[in-house]
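Undergrad:
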Amino acid sequence: MTAAQMVEALKQKFGDAVLETKEFRGEHTLVVKLVSAKPLLAYCRDELNFDYLVDVSSLDYLGREPRFEMVYELYGYGHLQHLRVRAAVAEDVEVPTVSDIWPTADWHEREVYDMMGIKFSGHPDMRRILMWEGYPYHPLRKDFPLEGKPSDMPDVGFTKTAPMADGPFVTSAGTGDTVTREPRSRRPTE
35 MTAAQMVEAL
45 KQKFGDAVLE
55 TKEFRGEHTL
65 VVKLVSAKPL
75 LAYCRDELNF
85 DYLVDVSSLD
95 YLGREPRFEM
105 VYELYGYGHL
115 QHLRVRAAVA
125 EDVEVPTVSD
135 IWPTADWHER
145 EVYDMMGIKF
155 SGHPDMRRIL
165 MWEGYPYHPL
175 RKDFPLEGKP
185 SDMPDVGFTK
195 TAPMADGPFV
205 TSAGTGDTVT
215 REPRSRRPTE
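Numbering (my numbering), first residue to last: 35 to 224.
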């Protein structure tokens with residue numbers, strides 16, 4: 035069965051829960067209602083043999099409602115097909131965990147929680163994975179400033195010169211605020 039045929043099977047099985055389907059350069063995406071995302075993902079694993087959860091990520095559409103979107107990347111080793119499932123999430127809504135479907139989702143969901151603030155109901159270990167416990171912000175949100183926010187924990191941040199100072203992918207050493215020292219804010223010299 036091809037990915038296009040699987041998309042059609044999912045549309046027939048889940049009906050109105052599938053809001054939109056997209057195909058771009060051979061990649062297939064389903065946009066689904068959040069309440070139907072977990073049953074649809076379980077069906078993808080159990081009936082369509084998507085045995086590998088490649089990634090769980092999220093997007094922040096600051097200024098749009100619902101603000102967030104969950105993105106699940108699936109792959110089937112038996113049929114070599116890829117499928118993307120997306121679901122919109124309002125700011126204070128919890129997303130059902132899929133760590134009981136694919137155990138690897140445990141870490142992915144923790145990262146989404148840590149960086150974006152999206153919580154997962156039923157998750158076995160919903161705690162931060164990159165930032166320290168008690169850190170009140172979520173750094174990948176669009177409203178988080180590039181230069182960061184002040185911290186009450188001065189020893190946590192990196193304060194010494196970067197090992198590759200002035201390299202193309204590290205903050206430049208020197209004076210000024212972080213915004214002007216960030217590599218993506220500098221234009222290459224010609």
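Glycine included, C-beta positions come from ideal geometry on N, C-alpha and C.
Assuming residue 124 and residue 101 form a contact by the criterion Cβ under 8 angstroms, report the distance between their Cβ atoms to the nearest whole angstrom.
TA: On the sequence shown, residue 124 is found 90 positions in, with the first residue counted as 1. On the sequence shown, residue 101 is found 67 positions in, with the first residue counted as 1. Contact holds; Cβ gap of about 7 angstroms.
Undergrad: Assign residue 143 to buried or exposed, taking buried as 16 or more other Cβ atoms, counted over all protein chains shown, within 10 Å of its Cβ.
TA: Start at 1 with the first residue of the sequence shown, and residue 143 comes out as number 109. When all chains shown are included, residue 143 counts as buried.
Undergrad: At which residues does the alpha helix (DSSP H) containing residue 40 begin and terminate?
TA: Working through the sequence shown from its first residue, we reach residue 40 at position 6. Segment 37-48, the alpha helix (DSSP H) holding residue 40.
Undergrad: Quick one: what's got a C-beta closer than 8 angstroms to residue 53's C-beta in the same chain, skipping five residues either side?
TA: As a first step, residue 53 must be located in the sequence shown, where it is residue number 19. Around residue 53: 65, 66 and 67.
Undergrad: Whose CA, out of 106, 140, 151 and 95, lies closest to the CA of residue 176?
TA: Counting from 1 along the sequence shown, the entry for residue 176 is found at position 142. Checked all of 106, 140, 151 and 95; the closest Cα to residue 176 is 95.
Undergrad: On the DSSP bridge list, what partners appear for residue 102?
TA: Stepping through the sequence shown from its first residue, residue 102 is reached at position 68. Answer by DSSP bridge pairing, in chain order: 94 and 123.
Undergrad: With contact counted as at least three CB pairs below 8 angstroms, one residue from each stretch, are the region 107-120 and the region 77-84 in contact?
TA: Short answer: they touch.
Undergrad: Rounded to whole angstroms, what's the CA-CA distance from residue 130 to residue 58? Just pull it up for me.
TA: As a first step, residue 130 must be located in the sequence shown, where it is residue number 96. As a first step, residue 58 must be located in the sequence shown, where it is residue number 24. When rounded, the distance between both Cα atoms is 28 angstroms.
Undergrad: Going by Cα to Cα distance, which pick from 56, 133 and 97 is closest to residue 90?
TA: Here residue 90 refers to the residue found at position 56 of the sequence shown. Here the closest residue by C-alpha is 133.
Undergrad: Can you find the residues in the same chain that come closer than 6 angstroms, C-beta to C-beta, to residue 121, ignoring five residues on each side of it along the sequence?
TA: Residue mapping note: residue 121 aligns to position 87 of the sequence shown, counting from 1. Only 66, 68, 71 and 104 meet the Cβ criterion.
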